[in-house]
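Quick notes on the structure that follows.
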Amino acid sequence: MASPREKLQSQLDMLPWLRGRGPVSYDYGQWVDLTHHLLIPLFGADSPQAKGFLEVVGEGAEARGWGLPLAPGNPWGMQARLDRAEEHLRAVLARLSEALPNLD
Numbered sequence: 029m030a031s032p033r034e035k036l037q038s039q040l041d042m043l044p045w046l047r048g049r050g051p052v053s054y055d056y057g058q059w060v061d062l063t064h065h066l067l068i069p070l071f072g073a074d075s076p077q078a079k080g081f082l083e084v085v086g087e088g089a090e091a092r093g094w095g096l097p098l099a100p101g102n103p104w105g106m107q108a109r110l111d112r113a114e115e116h117l118r119a120v121l122a123r124l125s126e127a128l129p130n131l132d
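Reading the sequence shown from the start, the letters are residues 29 to 132 in our numbering.
See the structure below:
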């Protein structure tokens with residue numbers, strides 16, 4: 029079974045693939061949902077990790093990518109949301125590694 033650190037890293041490892049596909053709103057939406065549903069059991073639904081993730085990607089179906097435009101110049105376009113999500117997950121992973129250095 030994968031450790032929490034490995035699970036988060038797996039989501040980060042998907043980012044080049046997502047970006048290489050456009051990202052496609054369907055794939056992006058699935059990635060957002062999967063990532064959020066990974067953060068909830070690891071940290072709790074009301075945790076800064078899970079809530080912070082929704083703050084950077086947005087809430088609701090459209091904000092999570094379902095039909096969301098790429099909008100490269102828009103701070104709430106899919107590409108900008110993906111950039112913020114990556115930054116947030118890297119910070120979560122770094123804090124997790126500091127708190128639990130021998131978790132793997």
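For each residue, glycine too, the CB sits at the ideal point set by N, CA and C.
- Residue range 32 to 41 is occupied by the alpha helix (DSSP H) that includes R33.
- Residue state for V52 is assigned as coil, using DSSP reduced to three classes.
- DSSP places P76 inside the alpha helix (DSSP H), whose first and last residues are 76 to 85.
- For A108, the uninterrupted alpha helix (DSSP H) segment begins and ends at 106 to 127.
- Taken through DSSP and simplified to helix, strand or coil, G101 comes out as coil.
- G105 sits away from A113, with the two beta carbons spaced by 8 Å or more.
- For the 8 Å CB-CB criterion, L117 and L40 form a contact.
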